[in-house]
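One structure is given below, encoded as structure tokens.
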Amino acid sequence: MTTRAVVFRVDASLAIGTGHVMRCLTLAQELAAHGAHCRFICRAHAGHLIDRIQAQGFDVAVLPAGVKTESSLEDQPPHASWLGCGWREDAAQTRAILAKRPPDWLIVDHYALDARWEQAVAGVANQLWVIDDLADRAHAACGLVDTSLHRVAADYAPWISRPYTGLFGSDYALLRPEFLAWRERSLKRRAAHWAIHRIQITMGGVDLPNATGAVLAALCACPLADDCEIDVVMGAAAPHLSAVRAQAAALPWHTRVHTNIANMAELMAMSDVAIGAAGSTSWERCCLGLPSILVILAANQVAGGLALEQAGAARVIAHPDAIAAELPRLLAEVAAHLPEVSRQAAQITDGLGAVRVARALGFVA
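In the numbering used here, the protein residues as written are 380 to 744.
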């Protein structure tokens, strides 16, 4: 059988964060388990994850960083600046790489790219799919994955005029297999343990505003048990890592600072509540029934965070500046409703999203 080739066009950076690359890695690993040959095209922004992708066994074609952007007068997607160059240049560079070894699938996960870029690379791959969760720009793909809670096809009606396959909703959340493996144990533990003795803090791999530091400071105003434990998870390149380590060492509770961990699911399963960014890690917490207080770190997290709050799966702090004022109250509120919040979270997603996407792409029977 001929090996089916898949290419991912995705970036990480200090502005973009790490979530886009991480979910593409999850899907790549699932597809590879079913015989696909996956590789990546990434731009070498500050804060990129190229080394991590390569460490997972995938080839990466590296695009240069620091290229001058096109005129701001041109109609651009809201996150166009994240690309680091103009879309035409990116499309030409990507197309040149693809032309050497045309893939069967090209999967694009990038808020800065829209239908114009997709049309510019059309024809080099047999199928072009997009991973998105904003529904804020036009697309010309034959398939689209949006794992936002309550997302429906009608949300993309203004943006996609051609026939396409749409995979919508949190059932398609792209979670690593470890979360499915820990789900039953995590939910069983919560059924018999309804007190806060272990807190996880994770504000993404970058955390430019140092929301982590604000949370650690605010916890000093919370009536935590003397034996409470705190796990802080950060990226090794996070700009405030050293300051957070110093702050953690001064806390009255046993506080560990982890970087680039390989056991995130285990840490979540052993935690009683999470305080974290309202990004893609939200689905990991939900899979494990982990009650959460979500901090909105970017405008593109607002809709997802509020949807989880409305579903009863989390509480939301609207801005990092509000952490000091809001966290003590919300932590007490979540503590009083741990069983209910956990049950609602566990209903959001079950950890099988990557398998469902792989099936839709034709890799799983």
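Beta carbons: idealized from backbone N, C-alpha and C, even for Gly.
- In the same chain as A504, and ignoring 5 residues on each side of it, the C-beta atoms closer than 8 Å to its own belong to V386, L477, P481, P482, D483, W484 and L485, in chain order.
- In this structure, A520 sits near W508, with a CB-CB distance shorter than 7 Å.
- L513 places its beta carbon 7 Å or farther from that of A491.
- By the Cβ criterion, the stretch 676-692 is not in contact with the stretch 628-648, since fewer than three pairs of Cβ atoms, one from each stretch, lie closer than 8 Å.
- In the pairwise beta carbon analysis, the stretch 582-590 is classified as not touching the stretch 551-570: fewer than three pairs are separated by under 8 Å.
- Measuring C-alpha to C-alpha distances from M613 to each of E468, L740, V623 and P707 identifies V623 as the nearest.
- Runs of the alpha helix (DSSP H) lying entirely within the stretch 701-731, each at least 4 residues long, are 702-715 and 717-725 in chain order.
- Here the stretch 705-724 makes no contact with the stretch 388-406; the two share fewer than three CB pairs at distances below 8 Å.
- In the pairwise beta carbon analysis, the stretch 655-668 is classified as not touching the stretch 616-635: fewer than three pairs are separated by under 8 Å.
- Sequence-distant partners of V594 (beyond 5 residues in either direction) whose C-beta falls short of 8 Å from its own C-beta, in its chain, are I580, M582, I654, V674, I702 and L706.
- Between the beta-carbon of R418 and that of D550 there is about 27 Å, and that puts the pair past the 8 Å contact cut.
- The residue among G436, R708, R495 and H619 with its C-alpha nearest the C-alpha of D454 is R495.
- Secondary structure at V743: coil, using DSSP grouped into helix, strand and coil.
- Its Cα nearest to that of L676, the residue L685 stands out among P670, P443 and L685.
- Here V713 is buried. Its C-beta has 16 or more other C-beta atoms within 10 Å.
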